[in-house]
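Taking our numbering, I'd label the letters of the sequence shown as residues 657 to 923.
Before any comments, here is the structure.
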Amino acid sequence: MQIPRLLFLFSIDFAVGLIAWMPLVPFKKVGKPFYKYNALFALLLALLAGTVRIYGRAGWVPRRPIEGVTDGMLLLFVAGMAAILWRREGAAYTRICVGSSLCGTALIVADAVGGGGSMGWIVPFVALASALLLGAVNLAMILGHWYLNIPNLSIRPLRDLTGGLLVALTLRAFLVGVVLLGASVSTDRPVTLALGRLLSFWDQGMLLGVRVLFGIAAPFLLWYMVWASVRLRATQSATGILYAAVVLVVIGELISKYLFIATGLPL
């Protein structure tokens with residue numbers, strides 16, 4: 657298994673998704689510590705992505721032009737996170753997050769386009785949906801803790817992130833369905849062979865079942881519980897449920913990326 661590639665895909669999706677949702681949390685309500693904490697988290701993930709990228713290709717120099725583009729976007733993303741950590745004035749934090757998210761989006765799309773795989777036209781959409789899902793569930797969980805630090809914090813940011821989590825989950829589930837349906841009607845031999853491996857329990861079928869059950873179906877159930885807690889303004893209950901959702905989503909996305917590397921199908 658290509659562990660460096662798996663870690664790169666997971667860590668960069670995680671980092672970009674986390675920052676992409678940050679503008680939903682007003683700076684004036686949560687203050688600099690919230691933005692700096694998440695910027696540090698995203699920076700560490702981006703540095704991990706860069707490290708495994710260099711290790712995976714055994715050198716600093718890009719082997720293809722598309723790798724040069726992704727390396728450049730990664731450097732800009734890292735610079736954005738470093739700027740948030742370095743700047744004392746927080747007025748520009750939201751703008752930096754927006755700019756960094758655009759760089760991260762370009763990185764993910766360029767890497768997906770140049771990364772190969774079966775049904776290549778849908779790979780960028782799946783990668784972006786994965787980033788949105790990882791970012792939404794983790795940022796919501798982190799925000800839930802901020803209600804302990806700021807008891808009078810408005811419930812609206814958590815409610816907005818919970819709504820965003822539903823959108824990301826729905827999009828992710830829809831794309832998995834599209835990939836499986838497209839593979840089932842495809843006449844392309846590599847695609848049909850990959851689908852056969854996914855449907856074989858003793859090959860990749862068991863992992864596919866775990867991916868769908870724990871990475872998509874169970875988070876939908878937990879989302880409903882989170883939403884009910886948010887409506888009651890029970891932020892501690894919502895945060896506890898989000899902990900479980902984070903674990904399940906992370907497991908699901910790691911398996912998804914493994915299956916993509918193993919079969920070429922972006923699930």
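Where is the CB? At the ideal position from N, CA and C, for every residue including glycine.
| query | result |
| --- | --- |
| Where do the ends of the alpha helix (DSSP H) carrying Pro-875 lie? | 874–887 |
| Along the chain, where does the alpha helix (DSSP H) that runs through Asp-816 open and close? | 812–841 |
| Taking three-plus beta-carbon pairs below 8 angstroms as touching, is the region 799–808 in contact with the region 700–707? | no |
| Around the C-beta of Ser-912, are 16 or more other C-beta atoms found within 10 angstroms, so that it is buried, or is it exposed? | buried |
| Should Val-841 go down as buried or exposed, given a rule of 16 or more other Cβ atoms within 10 Å for buried? | exposed |
| Considering just the uninterrupted stretch of the alpha helix (DSSP H) at Leu-696, what are its terminal residues? | 683–713 |
| Are the CB atoms of Val-672 and Phe-733 within a distance shorter than 9 angstroms? | yes |
| Helix, strand or coil for Trp-677 per DSSP? | coil |
| To the nearest whole angstrom, what separates the beta carbons of Val-886 and Leu-814, a pair I think is in contact under 8 angstroms? | 6 angstroms |
| Keeping to the same chain, check which residues put their C-beta closer than 8 angstroms to that of Ala-702; ignore five residues upstream and five downstream. | Ser-667, Ile-668, Ala-671, Leu-730, Phe-733, Val-734, Met-737 |
| Can Leu-696 and Leu-665 be called in contact, C-beta distance under 9 angstroms? | no |
| Just how far apart, CA to CA, sit Arg-713 and Arg-719? | 8 angstroms |
| Just curious, the alpha helix (DSSP H) that Glu-745 is in, first and last residue? | That residue, Glu-745, is in no alpha helix (DSSP H); it is neither H nor E in DSSP. |
| Compare the Cα-Cα distances from Gly-838 to each of Ser-810, Trp-777, Leu-863, Val-905 and report the closest residue. | Trp-777 |
| In this structure, does DSSP put Arg-720 in helix, strand or coil? | coil |
| If you count every other CB in all the chains shown that lies within 10 Å of the CB of Glu-745, and 16 or more means buried, which is it? | exposed |
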